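Asks: Okay, handing you the structure first.
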Amino acid sequence: MLLQSVVSGWRQDAANAGQRQVRPAAAGTRAVLLANIVRSARLAAGNRLGIGKTTMTIFVESRRDGAVAILRLNRPDKMNALNLAMWQALAEALAAIAADDSVRCVVLEGSGGNFAAGADLAEFAAMRATPAAAEAYGARMLQALWALRDLPQPTIAAIAGNCLGAGLELAAMCDLRIAASDARFGVPIQRVGIAMPYPELAALTQLLGPATMLELLLEGRINDAAWARERGLITRIAPLDTLAADVADSAARIVAGSPSSHRHHKKFIRRSLDPRPVSPAELAESYAAVDSDDYREGIAAFLAKRKPAFTGR
């Protein structure tokens, strides 16, 4: 585990490419670069914390509220700008959640009145100085982004304040996005002269469509919650003072439903975005969902006029 990537409470709570085509870094090169990136993060952490100190900054906090796991980005002095330690911490927290059947919903939020104001530009000079280094760093980002996307449990992004760049990428990986009225959205990447790589573009472009995505990237505007709602970027808008309650209500509704049903719907909807025809095996899987304990319990509970006791099986 990287220094600074400790996840609070989880175990306790249950360059210059010119005109040349840049080729992907070889696996061995990526491994060396990743090791150097990790070493740089550790050294930076040591400089911030002081040699010999036992207290570490916890960049991702985790807590439980019943069957809901709540992850909080915790770098409020930087508006939760995402650094390498945070990406690693997120990946570790999400791996633990994915393996925990007692978690039925996940909420991702930010501290200090912001969701996340993008990637930490202070790391770019040291960790993204060459195409190969940028690819290696990107692999760490994608590990966390895809872990969030692939969680079997439903996910909610609780968005207040700035949700920019890499923060917007994180939000896009969640199933639902509930935003406060003060939320701000954008990808002002053109201001630093780099391009968003293919793997990072995919989810946002799928969510917004190519025209709106190009609007974000080319103009670099920072947009309000109404703009985001009109374009389908967010699920709904809540007043800032009721955001937490609205998110909690959404999570409670999810928890009351069948985990098996949620798991299948996440998988099937994602597959439906693939233009390839559904195979006979995939079609059979969609109907085989009725052969589950949750389905039998749901029908029995409905007929008996009682609340179902779903197990996720």
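Each residue of the sequence shown is one higher than the last, beginning at 2 in my numbering.
Where a beta carbon is used, it is the ideal one built from N, C-alpha and C, also for glycine.
Predicted model, so just to flag it, every value in this text is computed and none were measured.
Who are the near neighbours of ASP292 in its chain, counting only those whose CB is closer than 7 angstroms to its CB and skipping five residues on each side?
Replies: none
Asks: Any contact of the region 124 to 143 with the region 280 to 288, i.e. 3+ C-beta pairs under 8 angstroms?
Replies: Flag = no, the region 124 to 143 and the region 280 to 288 do not touch.
Asks: Quick test of the definition: if touching needs 3 or more C-beta pairs under 8 angstroms, does the region 118 to 132 touch the region 172 to 184?
Replies: no
Asks: Which residue comes first and which comes last in the alpha helix (DSSP H) that contains PHE269?
Replies: 260 to 273
Asks: CB-CB under 7 angstroms to TYR199, same chain, minus the five flanking residues each way: which ones, in chain order?
Replies: none
Asks: Look at the alpha carbon of MET80 and the alpha carbon of GLY113, and state the distance between them as a whole number of angstroms.
Replies: Rounded to the nearest whole angstrom, the C-alpha separation of MET80 and GLY113 is 7 angstroms.
Asks: Tell me the start and end of each unbroken alpha helix (DSSP H) in the region 75 to 160 that is at least 4 residues and wholly inside, in chain order.
Replies: 85 to 99, 125 to 128 and 132 to 150
Asks: Tell me whether the region 186 to 196 and the region 222 to 236 touch, counting them as touching only if at least three CB pairs, one residue from each stretch, are closer than 8 angstroms.
Replies: yes
Asks: With distances taken Cα to Cα, identify the nearest neighbour of ILE190 among PRO240, MET214, ASP176 and MET174.
Replies: MET214
Asks: Going along the chain, which residues of its own chain have a beta-carbon closer than 8 angstroms to the beta-carbon of LEU218, five neighbours each way excluded?
Replies: VAL188, ILE190, GLN191 and MET197
Asks: From LYS308 to ALA302, what does the alpha carbon distance come to, in whole angstroms?
Replies: 6 angstroms
Asks: Apply the 10 Å Cβ neighbour rule to PRO155 and answer buried if 16 or more other Cβ atoms are within range, or exposed otherwise.
Replies: With 16 or more other Cβ atoms within 10 Å, it is buried.
Asks: Using three-state DSSP, classify ALA310 as helix, strand or coil.
Replies: coil
Asks: Between which two residues does the alpha helix (DSSP H) carrying PHE303 extend?
Replies: 294 to 305
Asks: For ALA305 and ASP78, what's the separation of their Cα atoms in angstroms?
Replies: 53 angstroms
Asks: Output yes or no for whether 8 angstroms exceeds the beta carbon distance between ALA92 and ALA158.
Replies: No, they are not a contact pair.
Asks: What would DSSP say about ILE238, mapped onto helix, strand or coil?
Replies: ILE238: strand per DSSP, three-state reduction.
Asks: Could you compute how far the alpha carbon of ILE98 sits from the alpha carbon of VAL256?
Replies: So the two alpha carbons sit approximately 15 angstroms from each other.
Asks: To which residues does DSSP link SER63 through a beta bridge?
Replies: LEU72
Asks: Ordered along the chain, which non-local residues of its own chain (more than five positions away) have a Cβ less than 6 angstroms from that of ALA229?
Replies: PHE186 and ILE235
Asks: Check each candidate in ALA227, ASN84 and CYS106 and name the one with the smallest Cα separation from ALA68.
Replies: CYS106
Asks: Sort out for me which residues DSSP pairs CYS164 with in a bridge.
Replies: ALA117 and PHE186
Asks: Since ARG178 sits in a beta bridge, which residues does DSSP pair it with?
Replies: ALA158
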